[in-house]
Amino acid sequence: MNIIVCIKRVPLTQEVDLEIDELKKGVKKDALAYVINDWDNYCIEEAVLLQEKFGGTVTAITIGDEDDEEILRRALAMGADKSIRIEPGECELDGFVISKILAKTIGDLEYDLILTGVQADDDNCAMVGIMLAEELGLSHAAVVTGMEPEGNDATIRVELEGGMDEVSKIRLPSLLTIQTGINEPRYVSIMGIRKARKKELVVINVEDLGLSEDDLARRTMIEEVFLPPETEGAEMIEGDPSSVAGQIIQIIKEKGVSI
Amino acid sequence: MGEIFVVVEHRKGGIREITFEMLFKAKELCRTSSYNLTAILLGGKDEGFADDLAKWADRVITFEDNRLEIFNADLYKEILDSLIRERTPFLTLIGHTSWGMDLAPALAIKTGFPLATDCVDIQIEDSRPMVFRQIYSGKLFSKVSFKESPGYLITVRPGAFLPPDDVEGLQGEIVKQEFPAGLTEPKKEFVEFVDTGAGEIDITQAELLVSIGRGVGEEENIATIKELSDLIGATLSCSRPVVDKNWLPKFHQVGTSGKSVKPKVYLAFGISGAFQHVAGITGAGTVIAINKDRKAPIFRVADYGVADDLFKVVNALKEAL
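Chains as they are written, first to last, in my numbering: chain F, 52 to 310; chain S, 83 to 403.
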């Protein structure tokens with residue numbers, strides 16, 4: 052089973068104060084630490100698990116600059132066989148343009164399955180995977196929490212809202228967007244990443260893909276980025292832990308809960 | 083004048099809330115910009131949805147066929163694509179749900195219309211739509227414009243537009259359309275629905291919930307919070323990352339893919355407040371959030387907040403009892 056995983060490196064923004072840049076169209080990125088997008092980590096693991104069971108190759112693809120190769124090497128260390136980085140150059144990206152670039156890159160490759168994360172942790176679009184599926188004419192499903200191939204089909208589980216899963220049968224080749232929690236991604240050691248340097252990493256320039264001007268024209272543009280509108284928000288309880296604890300207990304009792 | 087389409091989402095014989103939320107917002111847009119509101123229903127035979135929907139829209143276009151009883155992206159995208167080509171709606175709204183996420187991006191490629199996803203507000207400026215989205219897990223908002231097009235696709239975040247109870251009823255016309263002939267055979271086939279929420283405790287019945295999130299850090303740390311929870315007679319619940327890591331079974335999970343809870347008091351330890359989680363606690367009486375990140379989105383919805391290390395607070399609570 053040959054599998055392609057499309058992955059992205061994103062800034063770590065939990066417990067970080069984000070600053071808006073001068074153009075007000077993004078955030079200041081210099082001070083941010085970058086990691087593999089959480090959803091994509093599950094994606095790589097799922098691909099490697101399937102490969103261990105059914106054989107075949109796993110190819111990891113990302114669009115980005117040299118710094119983004121870090122996540123490709125991470126994927127290789129987890130068990131992917133080869134990797135591709137597409138250098139976007141000056142190309143301005145949105146979900147649509149990304150799907151066009153990926154479709155063109157993947158078009159000539161051999162595969163049975165493409166996995167992407169449900170969404171990326173930075174722009175939270177949840178768009179690229181299913182657009183890519185449509186470009187390539189593949190069957191597709193979003194928010195997948197289980198996948199079991201059987202011949203030319205696979206049985207998949209999709210997580211719906213409200214504590215409900217949908218089980219269905221899907222024809223291969225297919226594109227699935229993977230939800231967190233589908234597996235337990237393996238630990239990656241620094242030694243493992245160092246060893247993975249021996250594996251294949253191909254760099255392709257966007258301009259060499261032969262995409263049209265229309266393919267590379269964004270469909271959506273960020274006009275402005277701004278802080279969430281002020282709301283009343285929480286009344287903050289300040290003080291040392293014991294006085295905070297006292298006040299919390301007080302509030303719980305006031306609300307009619309006996310403890 | 084043009085139309086705004088709302089794609090109806092339904093499951094197991096009921097129309098999903100997101101449908102009415104979209105219809106409510108779309109009607110507001112129609113009022114200020116004189117569009118017509120059309121609900122598009124792809125459903126099974128005789129499910130009786132059309133009459134309900136007619137109260138919310140100027141028109142309901144229905145395709146009723148047993149093949150459409152359960153959502154299928156392959157059938158939906160083909161039927162909607164031809165309907166969109168035929169009528170060129172200015173906007174087409176689809177829920178930002180698991181099914182909507184499977185449909186909208188494919189439909190965008192098929193129709194060639196631009197798509198913006200997970201929108202929390204929609205405005206029309208100079209006959210062009212402008213949408214608002216949350217990025218970086220809700221820490222920032224973005225205002226997004228579209229490349230000019232005859233029509234635009236938008237997926238709407240559940241809970242972003244809440245219709246009041248006393249929405250004035252309309253009497254939209256119901257237009258029945260035949261299931262189109264010659265559709266491609268779907269590549270996906272429904273097998274069954276599986277309830278994933280059942281378990282040995284029922285967090286929806288608890289008066290007091292002690293809930294943990296990613297901030298708990300390590301699996302070993304859960305024990306100390308469980309102790310506190312037992313000490314105050316609370317029920318232990320959690321946000322998604324805790325279930326993803328297999329630290330607690332899914333029946334503990336609060337949020338859109340878990341359960342909606344309604345305790346008198348909800349104590350959130352180390353929960354950042356992703357919208358999927360917050361959507362599950364709208365019924366809570368009082369929310370007290372403890373998180374060391376003062377900018378965590380949870381503080382925007384909590385009644386009380388403590389910006390400190392959660393373990394310090396947990397230990398102090400235990401000592402105080």
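Even glycine gets a Cβ: it sits at the ideal position worked out from N, Cα and C. Being a predicted model, the structure only gives us computed values, none of them experimental.
Check your understanding: Who are the near neighbours of residue 387 of chain S in its chain, counting only those whose CB is closer than 7 Å to its CB and skipping five residues on each side?
Key -> 371, 381
Review point. Could you check where the beta strand (DSSP E) with residue 225 of chain S kicks off and where it finishes?
Key: 222-228
Check your understanding: Which bits of chain S does residue 200 of chain F rub up against, with CB to CB less than 9 Å?
Key -> By Cβ distance, chain S contributes nothing, its closest Cβ being about 14 Å from residue 200 of chain F, past 9 Å.
**Study point:** Assigned secondary structure, residue 326 of chain F (DSSP; H/G/I helix, E/B strand, else coil)
**Key:** No information on residue 326 of chain F is available, as it lies outside the stretch 52 to 310 that chain F covers here.
Exercise for review: Would you please verify whether the beta carbon of residue 86 of chain F is less than 8 Å from any beta carbon of chain S?
Suggested key: no
Exercise for review: Kindly list the residues whose CB is nearer than 7 Å to the CB of residue 123 of chain F, restricted to its own chain and excluding five residues on each side of it in sequence; keep chain order.
Suggested key: 111, 113, 134, 136, 252
Review point. When the Cα of residue 285 of chain F is compared with those of S:211, S:147, S:378, S:182, which residue comes out closest?
Key: S:378
Exercise for review: Given a cut-off of 8 Å, decide if residue 153 of chain F and residue 52 of chain F are closer than it, judged by their beta-carbon atoms.
Suggested key: no
Exercise for review: Taking only beta-carbon positions, decide if residue 55 of chain F is within less than 8 Å of chain S.
Suggested key: no
Practice item. Decide if the region 261-275 of chain S is in contact with the region 218-229 of chain F; the criterion is three or more beta carbon pairs, one per stretch, under 8 Å apart. Key: yes
Exercise for review: Using a Cβ-Cβ cut-off of less than 7 Å, list which residues of the region 147-178 of chain S approach chain F; keep chain order.
Suggested key: 155
Practice item. Using beta-carbon positions only, say whether residue 239 of chain F and residue 129 of chain F come within less than 8 Å of one another. Key: yes
Practice item. Per DSSP, which residues does residue 92 of chain S bridge with? Please list them. Key: S:97
Review point. Counting Cβ pairs closer than 8 Å, one from the region 174-181 of chain S and one from the region 92-101 of chain S, do we hit at least three?
Key: yes
Review point. Can you round the beta-carbon distance between residue 86 of chain F and residue 100 of chain F to whole angstroms, since I take them to be within the 8 Å contact cut?
Key: Their Cβ separation, rounded to whole angstroms, is 21 Å, which puts residue 86 of chain F and residue 100 of chain F out of contact at 8 Å.
Check your understanding: DSSP state of residue 264 of chain F, grouped into three classes?
Key -> coil
Review point. Going by Cα to Cα distance, which pick from F:138, F:206, F:150, F:214 is closest to residue 188 of chain F?
Key: F:150
**Study point:** Uninterrupted beta strand (DSSP E) stretches inside the region 165-202 of chain F (no shorter than 3 residues)
**Key:** 190-201
Review point. Is the distance from the Cβ of residue 181 of chain F to the Cβ of residue 188 of chain S below 8 Å?
Key: yes
Review point. So, residue 205 of chain F versus residue 199 of chain F, is the Cβ gap smaller than 8 Å?
Key: yes
Exercise for review: Flag this pair as touching only if the region 211-225 of chain S and the region 163-177 of chain F have three or more C-beta atom pairs under 8 Å; answer yes or no.
Suggested key: yes
Practice item. State whether the region 144-156 of chain S contacts the region 117-126 of chain S, with contact taken as three or more CB pairs (one from each stretch) at a distance under 8 Å. Key: yes
**Study point:** Residues, ordered as in the chain, of the region 155-185 of chain F that lie near chain S by beta-carbon distance below 9 Å
**Key:** 169, 170, 172, 173, 174, 175, 176, 177, 178, 179, 180, 181, 182, 183, 184, 185
Review point. Residue 133 of chain F bridges to which residues according to DSSP?
Key: F:110, F:251
Practice item. Would you mind telling me which residues of chain S sit closer than 9 Å to residue 287 of chain F, beta carbon to beta carbon, in chain order? Key: 376, 381, 386, 387, 388, 389
Point to revise | Element boundaries [beta strand (DSSP E), containing residue 118 of chain S] | key: 118-125
Practice item. Label residue 335 of chain S either buried or exposed according to how many other C-beta atoms from any shown protein chain fall within 10 Å of its C-beta, with 16 as the threshold for buried. Key: buried
Review point. Which partner residues does residue 209 of chain S have in the DSSP bridge list?
Key: Residue 209 of chain S is not bridged to any residue.
Practice item. Spatial neighbours of residue 190 of chain S within its chain, please: CB distance less than 6 Å, with the 5 preceding and 5 following residues excluded, ordered by chain position. Key: 197, 235
Practice item. Give a yes or no on whether 8 Å exceeds the smallest Cβ distance from residue 351 of chain S to chain F. Key: no
Check your understanding: Below 8 Å, can you find three or more Cβ-Cβ pairs linking the region 293-300 of chain F to the region 337-344 of chain S?
Key -> no
Review point. Beta-carbon of residue 183 of chain S versus every beta-carbon of chain F: anything under 8 Å?
Key: yes
Review point. Per DSSP, what kind of secondary structure is residue 348 of chain S in: helix, strand or coil?
Key: strand
**Study point:** Run of the alpha helix (DSSP H) containing residue 293 of chain S, from where it starts to where it stops
**Key:** Element bounds for residue 293 of chain S: not the alpha helix (DSSP H) but the beta strand (DSSP E), 290-294.
Review point. Roughly how many whole angstroms lie between the Cα atoms of residue 352 of chain S and residue 323 of chain S?
Key: 11 Å
Point to revise | Pick from S:89, S:296, S:319 that is closest to residue 71 of chain S, judged by C-alpha positions | key: The structure shown does not extend to residue 71 of chain S, since chain S is modelled only from 83 through 403, so no value can be given for it.
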